[in-house]
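Engineer:
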Amino acid sequence: NDSDVNKDEL
Amino acid sequence: MNIFRLVGDLSHLLAIFVLLLKIWKSRSCAGVSGKSQILFALVFITRYLDLFTNFISVYNSLMKVIFIASTVATVYLMYIKFKATYDSNHDTFRIEFLVVPVGGLAFLVNHDFTPLEILWTFSIYLESVAILPQLFMISKTGEAETITSHYLFALGSYRALYLLNWIYRYYFEGYFDLIAVVAGCVQTILYCDFFYLYITKVMWGKKLSLPA
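Just so you know, the sequences run in chain order A and B. The first sequence: position 5 = 701 (the working numbering), numbered continuously. The second sequence: position 23 = 24 (the working numbering), numbered continuously.
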């Protein structure tokens, strides 16, 4: 799921 | 990082500093919604809780610190330093009608039922409606100072540029976050009416006044 993707956006 | 996201972040930074300078220089927050600024402060605080635990890049950490500090500073100027100029009679939007439903939705619709993820989701949903008190205030006063309309144009443009960023990332990186995209669309749509007025009026040197 998306939460694993590092939240690299502001 | 891509050009859309970079220009979007810079547009966001510009908006925040245009507002901060307007209040600081004119020593007045007339026409500015303090409630929207409180919501923006809440958006950044709940979104950047990972500031110390999840290092992405110097740019990312630096911008997070600047966004939180400048928005808190704006709230401070509005409610403490220049409180006398705060137009509470026109800044009457009930923000609990935004925070409560958004909080509930963040619990129901999210990517991961963990505190940090729910707070991030809350922040994304809240940001999409955080400008409503400001737009509501302008509709009540019937007009906005030119500098305030530039602030709104830069602020609205930032998320519109993020939509382009997400299109770019979808095609070139296969990255897609439905929650961020849907909230970003709602947020940008809320500015459409203002964008129309801004482009047809402010761009031609007229004052932004809503049709009575």
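Even for Gly, the Cβ is constructed at its ideal location relative to N, Cα and C. None of these values were measured; they are calculated from a predicted model.
(1) Tell me the DSSP bridge mates of residue 145 of chain B?
(2) May I ask you to verify whether the stretch 149-167 of chain B touches the stretch 178-198 of chain B, counting CB pairs closer than 8 angstroms and requiring at least 3?
(3) Are any of the Cβ atoms in chain A nearer than 8 angstroms to that of residue 160 of chain B?
(4) Could one say the Cβ of residue 57 of chain B lies closer than 8 angstroms to chain A's Cβ atoms, at least one of them?
(5) Mind listing the chain A neighbours of residue 61 of chain B? Cutoff is C-beta to C-beta under 8 angstroms, in chain order.
(6) Which value, in whole angstroms, describes the spacing of the CA atoms of residue 99 of chain B and residue 27 of chain B?
(7) Which residues bound the alpha helix (DSSP H) around residue 194 of chain B?
(8) I'd like to check one pair, residue 93 of chain B with residue 180 of chain B: are the Cβ atoms closer than 8 angstroms?
(9) Beta-carbon of residue 204 of chain B versus every beta-carbon of chain A: anything under 8 angstroms?
(10) Between the C-alpha atoms of residue 25 of chain B and residue 83 of chain B, what's the straight-line distance to the nearest angstrom?
(11) Would you check if there are 3 or more beta carbon pairs closer than 8 angstroms linking the stretch 65-76 of chain B to the stretch 29-45 of chain B?
(12) By Cβ distance below 6 angstroms, which residues in the same chain neighbour residue 160 of chain B in space, the five residues on each side in sequence not counted?
(13) Please report the residue range of the alpha helix (DSSP H) in which residue 43 of chain B lies.
(14) Taking 8 angstroms as the threshold (C-beta atoms), are residue 35 of chain B and residue 87 of chain B in contact?
(15) Alpha carbon to alpha carbon, what distance is there between residue 112 of chain B and residue 698 of chain A?
(16) Exposed or buried, what is residue 704 of chain A when buried is set at 16 or more other beta-carbons lying within 10 Å of its beta-carbon?
(17) Compare the beta carbon distance of residue 2 of chain B and residue 706 of chain A with 8 angstroms and say whether it is the shorter of the two.
Structural biologist: Let me lay it out:
(1) Residue 145 of chain B sits at position 144 when you count from the first residue of the second sequence. B:209, per the DSSP bridge assignment.
(2) Pairwise C-beta distances place the stretch 149-167 of chain B in contact with the stretch 178-198 of chain B, as three or more of them are shorter than 8 angstroms.
(3) By one-based count along the second sequence, residue 160 of chain B stands at place 159. No, residue 160 of chain B lies away from the interface with chain A (no Cβ there is under 8 angstroms from its Cβ).
(4) Within the second sequence, the letter at position 56 stands for residue 57 of chain B. At least one chain A Cβ lies under 8 angstroms of residue 57 of chain B.
(5) As a first step, residue 61 of chain B must be located in the second sequence, where it is residue number 60. By Cβ distance, chain A contributes 704 and 706.
(6) Residue 99 of chain B sits at position 98 when you count from the first residue of the second sequence. Residue 27 of chain B sits at position 26 when you count from the first residue of the second sequence. Taking the straight line from one Cα to the other gives about 30 angstroms.
(7) Locating residue 194 of chain B in the second sequence gives position 193, counting from the first residue. Where residue 194 of chain B is concerned, the enclosing alpha helix (DSSP H) stretches over 179-201.
(8) Here residue 180 of chain B is taken as the residue at index 179 of the second sequence, counted from 1. Here residue 93 of chain B is taken as the residue at index 92 of the second sequence, counted from 1. No, the pair does not count as a contact, with Cβ atoms beyond the cut-off.
(9) As a working note, residue 204 of chain B is residue 203 in the second sequence. False, the Cβ-Cβ gap to chain A never drops below 8 angstroms.
(10) What you label residue 25 of chain B is simply residue 24 of the second sequence in a count that begins at 1. What you label residue 83 of chain B is simply residue 82 of the second sequence in a count that begins at 1. Linking residue 25 of chain B to residue 83 of chain B through their CA atoms gives a straight-line distance of about 9 angstroms.
(11) Yes, the stretch 65-76 of chain B is in contact with the stretch 29-45 of chain B.
(12) Against the second sequence, residue 160 of chain B aligns to sequence position 159. Cβ within range, chain order: 185, 188 and 189.
(13) Reading the second sequence from its first residue, position 42 is the one you call residue 43 of chain B. 35-48 is the span of the alpha helix (DSSP H), which, as asked, contains residue 43 of chain B.
(14) Counted from its first residue, the second sequence places residue 87 of chain B at position 86. Counted from its first residue, the second sequence places residue 35 of chain B at position 34. Closer than 8 angstroms, so yes.
(15) Numbered from its first residue, the first sequence carries residue 698 of chain A at position 2. Numbered from its first residue, the second sequence carries residue 112 of chain B at position 111. Because the pLDDT at residue 698 of chain A is just 49, under 50, the model does not fix this residue reliably, and the value given afterwards should be weighed accordingly. Rounded to the nearest angstrom, the two C-alpha atoms are 6 angstroms apart.
(16) As a first step, residue 704 of chain A is located in the first sequence; it is residue number 8 there, counting from the start. Exposed is the call here.
(17) The sequence position of residue 2 of chain B within the second sequence is 1, counting from 1. The sequence position of residue 706 of chain A within the first sequence is 10, counting from 1. Cβ distance not < 8 angstroms, so residue 2 of chain B and residue 706 of chain A don't count as in contact.
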